[in-house]
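A short worksheet on the structure shown next.
Residue numbers (my numbering): 159 to 401.
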């Protein structure tokens, strides 16, 4: 999104301005951060945070569908800016934003989520290019910024999501992915595009896939002794098939 080194406030009509407060927020802490959803989307979710506003991304949200941005550290988040797609303003529907330290792929526990804000049901005008959701005063703390909807299933179309907030601290060891880039073996692979190493590569567009067989398996060597707390598995989008 457009950035400037100065902020100028001028009256649109008349000769005076009456303001209660002016707030200026930090730089975009979501830039190139990991984006995940309930289903693997083939890597398209990465367009949400890559800084390219010419792209558009369709997000599936609902009671059982979510999209999350992993900030890769603990932050105090003040709000989010959404760059809208002018041809799809009617597809920017109602949803809400929460923060959590839990990986959204594990079982949802509302006690571990903090409410930030929401997109209301108001219809946007043709000149609306941005939409901002502000968290409560003082911000909301967490590692994952999660978008959900109270509806059963909807699609929301945006071009870019920017998040502003303050860094708090690095992730605790318990919150780090200990399987990242660890060596893998599998019972079979479906094709040369679905090798076992893609399961731990950290690239959302990668897809590990076995052949159709009885009792397929994947073996991951953690290269050490660990105590496991949670395992999150990102499923393939049903529409994404290997031919």
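In this text, a Cβ means the ideal position worked out from N, Cα and C, and glycines have one as well.
Helix, strand or coil at residue i [DSSP, three-state]
i, result
"residue 356", "helix"
"residue 165", "coil"
"residue 349", "coil"
"residue 366", "coil"
"residue 216", "strand"
"residue 253", "strand"
"residue 246", "helix"
Proximity of residue i and residue j at Cβ, strictly below 7 Å
i, j, result
"residue 315", "residue 226", "no"
"residue 186", "residue 323", "no"
"residue 275", "residue 255", "yes"
"residue 366", "residue 293", "no"
Beta-carbon separation (whole angstroms), residue i vs residue j, contact threshold 8 Å
i, j, result
"residue 319", "residue 206", "5 Å"
"residue 338", "residue 360", "5 Å"
"residue 214", "residue 317", "5 Å"
"residue 217", "residue 313", "7 Å"
Residue environment, residue i, which counts as buried when at least 16 other CB atoms sit within 10 Å
i, result
"residue 253", "buried"
"residue 228", "buried"
"residue 306", "buried"
"residue 175", "exposed"
"residue 195", "buried"
"residue 390", "exposed"
"residue 328", "exposed"
"residue 304", "buried"
### Message
What ranges does the alpha helix (DSSP H) occupy inside the segment 262 to 328, keeping only unbroken runs of at least 4 residues that lie completely in it?
### Response
Unbroken alpha helix (DSSP H) stretches of 4 residues or longer found wholly inside the segment 262 to 328: none.
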